[in-house]
Amino acid sequence: LRERGSFELRAVAAESPDLAEMVRIRHDRRMLTFASDLASRAVAAGMPVALYVDPSAHNLESIAPAGMLVAAPLRTSSTEGAVLVYPRAEGVFSVEEKSLMSALSGFAAVAIANGELYDRARAQAHELHQLLDILLELNSIAEFDEFLLQFALRAADFLGFNRAFIGLLEDGAFRVRWGAENGQTRRVEHVLPEGPASRNLLSGEAFWSDDASTVPGANLGLLQEFDIRQVLAVPLLGTGSEILGMFGVLDRPEGARICEEDVRRAKALAAQVAVALEVSRNLHRSELHRERAEALMGLALDLNTQMRMPELAAKFTRRVAALTGAAFAGLALKQEIGLELIALEGVQGRLPLPPDVLRRLAEHWERSITHGTDEITNASLPEALAGAGLGGSEVTLLRLSGSAGELIGVLGLAGKGQQLLSEDKQLLQAIARHASIALDNARLFARMDKANRHWIE
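Each residue of the sequence shown is one higher than the one before, starting from 197 at the first, in my numbering.
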């Protein structure tokens with residue numbers, strides 16, 4: 197019979213146990229290779245194949261006489277092979293006997309197929325019990341990091357690999373943070389480089405290889421650094437097939453080949469990790485939205501307090517920096533001669549910059565914001581200002597508009613460090629509208645105060 201590789205001798209029937217043992221010994225010593233060739237021919241033909249054999253030419257001395265050998269093929273969904281009937285001393289096989297051999301091989305195929313179905317059903321039931329045991333054990337772990345570490349440990353054991361790892365998709369790359377090796381968990385920090393594995397995972401497909409070094413485009417330096425030969429990696433898919441991360445295993449203890457069944461089991465485990473990740477992410481988002489709502493309420497209260505403009509601007513920009521995760525936030529107001537930067541604050545306090553740098557920064561913001569009509573604009577600082585200690589050269593600018601739509605100021609965020617998401621944009625738009633209303637009201641009150649003083653004078 198042959199399942200994946202070469203043919204293997206599975207059963208022998210002979211006139212005596214000694215003769216059967218002799219056949220097994222010669223087969224194990226690879227002295228009967230012609231039998232595998234004949235079985236291959238029978239399987240390819242799909243019908244019995246007959247061949248005249250000479251005992252001296254085929255190592256059949258003291259086993260069978262010269263004559264006609266018949267190979268009747270059999271095939272199941274996962275196995276193929278042949279029943280080989282060796283020559284007998286009484287003479288050649290008749291046509292009826294050959295038909296009988298073909299019928300018997302058909303019965304054998306049915307019996308083997310039934311056995312395969314039973315073994316598969318038993319294995320799947322055992323696998324289901326193992327999965328339930330893993331989930332019940334892991335569900336008792338409250339700490340999310342510890343949950344993923346223990347999951348990697350149990351997954352490596354369940355799939356029969358030496359190592360397992362879990363990574364999240366961040367900024368278009370997979371960052372591996374949790375791993376297990378030889379029965380020990382450990383936290384890691386590695387970025388999966390761009391290559392065949394990452395491309396497959398980003399497209400939502402599994403990737404596996406029994407010799408990763410032979411894969412075209414493989415990162416040989418990475419394989420050598422971590423001593424990787426076999427690899428199986430599957431994506432973590434959320435609702436709507438969104439890719440959340442990846443789960444992978446490395447190297448089997450005995451070097452057994454990776455098969456489709458291993459891929460299926462790995463995907464089943466990955467689905468459980470994906471559910472946990474999505475629940476954790478939704479809880480994090482809910483908490484973040486709650487914190488932002490509270491921060492926005494505090495921001496609105498600050499803007500409605502009776503403070504002098506410099507004090508109000510400093511407090512406002514500090515709150516915005518903390519709320520958005522920016523390194524610094526600045527507020528520039530529209531004056532007759534252009535924008536004037538009146539506050540530049542970080543979470544820890546004011547950023548001290550020379551007046552000429554503040555003036556050039558305000559001029560750059562004004563040029564960038566007036567080139568378009570968008571409420572939020574991303575801009576790059578010129579080289580002369582990029583080294584001013586603003587946390588990078590990229591800046592996000594928010595247009596502050598008056599009641600008539602005119603530009604009354606600009607709110608700038610520097611050193612945010614990541615691309616704006618849709619919820620980030622909604623937060624920034626809410627901040628910009630709060631600030632616009634407060635500044636517009638302040639301008640109106642300032643004009644009224646000036647008119648009152650003028651009337652009194």
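Every residue, glycine too, gets a C-beta built ideally from N, C-alpha and C.
Rounded straight-line distance, which links the Cα of residue j to that of residue i
{"i": "residue 470", "j": "residue 420", "result": "30 Å"}
{"i": "residue 577", "j": "residue 524", "result": "14 Å"}
{"i": "residue 426", "j": "residue 410", "result": "11 Å"}
{"i": "residue 430", "j": "residue 361", "result": "11 Å"}
{"i": "residue 519", "j": "residue 424", "result": "43 Å"}
{"i": "residue 233", "j": "residue 277", "result": "11 Å"}
{"i": "residue 558", "j": "residue 366", "result": "33 Å"}
{"i": "residue 154", "j": "residue 341", "result": "The requested residue 154 is not part of the displayed model; the chain covers only 197 to 653."}
{"i": "residue 253", "j": "residue 443", "result": "54 Å"}
{"i": "residue 478", "j": "residue 434", "result": "11 Å"}
{"i": "residue 268", "j": "residue 222", "result": "21 Å"}
{"i": "residue 621", "j": "residue 451", "result": "50 Å"}
{"i": "residue 565", "j": "residue 647", "result": "31 Å"}
{"i": "residue 215", "j": "residue 228", "result": "15 Å"}
{"i": "residue 511", "j": "residue 348", "result": "46 Å"}
{"i": "residue 247", "j": "residue 301", "result": "18 Å"}
{"i": "residue 536", "j": "residue 624", "result": "21 Å"}
{"i": "residue 644", "j": "residue 652", "result": "12 Å"}
{"i": "residue 551", "j": "residue 632", "result": "25 Å"}
{"i": "residue 548", "j": "residue 539", "result": "10 Å"}
{"i": "residue 437", "j": "residue 400", "result": "8 Å"}
{"i": "residue 262", "j": "residue 217", "result": "20 Å"}
{"i": "residue 605", "j": "residue 398", "result": "42 Å"}
{"i": "residue 654", "j": "residue 598", "result": "Because residue 654 is not part of the residues shown, which for the chain are 197 to 653, the question remains open."}
{"i": "residue 567", "j": "residue 531", "result": "18 Å"}
{"i": "residue 296", "j": "residue 279", "result": "12 Å"}
{"i": "residue 197", "j": "residue 305", "result": "11 Å"}
{"i": "residue 317", "j": "residue 422", "result": "37 Å"}
{"i": "residue 439", "j": "residue 432", "result": "6 Å"}
{"i": "residue 453", "j": "residue 463", "result": "17 Å"}
{"i": "residue 413", "j": "residue 353", "result": "30 Å"}
{"i": "residue 319", "j": "residue 455", "result": "15 Å"}
{"i": "residue 270", "j": "residue 299", "result": "10 Å"}
{"i": "residue 601", "j": "residue 649", "result": "28 Å"}
Burial state of residue i, where buried means 16 or more other Cβ atoms lie within 10 Å
{"i": "residue 176", "result": "Coverage of the chain is limited to positions 197 through 653, which leaves residue 176 absent and any answer about it impossible."}
{"i": "residue 363", "result": "buried"}
{"i": "residue 258", "result": "exposed"}
{"i": "residue 266", "result": "buried"}
{"i": "residue 441", "result": "buried"}
{"i": "residue 628", "result": "buried"}
{"i": "residue 283", "result": "buried"}
{"i": "residue 207", "result": "exposed"}
{"i": "residue 416", "result": "exposed"}
{"i": "residue 313", "result": "exposed"}
{"i": "residue 467", "result": "exposed"}
{"i": "residue 240", "result": "exposed"}
{"i": "residue 569", "result": "exposed"}
{"i": "residue 291", "result": "exposed"}
{"i": "residue 387", "result": "exposed"}
beta-carbon residue i near the ligand MN non-hydrogen atom, thresh 7 Å
{"i": "residue 345", "result": "Ligands in the displayed structure: none, and consequently the ligand MN is not present."}
CB of residue i within 8 Å of CB of residue j, strictly
{"i": "residue 418", "j": "residue 374", "result": "no"}
{"i": "residue 445", "j": "residue 370", "result": "no"}
{"i": "residue 573", "j": "residue 593", "result": "yes"}
{"i": "residue 461", "j": "residue 527", "result": "no"}
{"i": "residue 465", "j": "residue 351", "result": "yes"}
{"i": "residue 534", "j": "residue 517", "result": "no"}
{"i": "residue 230", "j": "residue 264", "result": "no"}
{"i": "residue 275", "j": "residue 199", "result": "yes"}
{"i": "residue 610", "j": "residue 522", "result": "yes"}
{"i": "residue 393", "j": "residue 459", "result": "no"}
{"i": "residue 395", "j": "residue 376", "result": "no"}
{"i": "residue 571", "j": "residue 546", "result": "no"}
Sequence-distant residues of its chain with Cβ nearer than 7 Å to residue i (five each side left out)
{"i": "residue 407", "result": "425"}
{"i": "residue 245", "result": "234, 237, 238 and 267"}
{"i": "residue 219", "result": "208, 210 and 259"}
{"i": "residue 202", "result": "232"}
{"i": "residue 575", "result": "564, 591 and 593"}
{"i": "residue 250", "result": "262"}
Neighbourhood of residue i by C-beta distance below 6 Å, restricted to the same chain and skipping five residues each side
{"i": "residue 608", "result": "526, 561, 591 and 593"}
{"i": "residue 476", "result": "340"}
{"i": "residue 509", "result": "527, 538 and 539"}
{"i": "residue 486", "result": "none"}
{"i": "residue 287", "result": "none"}
{"i": "residue 381", "result": "345 and 349"}
| request: Taking only runs that begin and end inside the stretch 211 to 246, name each unbroken beta strand (DSSP E) of 3 or more residues, in chain order. | output: none
| message | Extract the residue ranges of the beta strand (DSSP E) inside the stretch 375 to 463, only unbroken runs of 3 or more that lie entirely within it. | response | 380 to 388, 403 to 405, 427 to 433 and 439 to 446
| field | 4-residue-minimum alpha helix (DSSP H) runs that sit fully inside the stretch 332 to 368, ordered along the chain | value | 340 to 355
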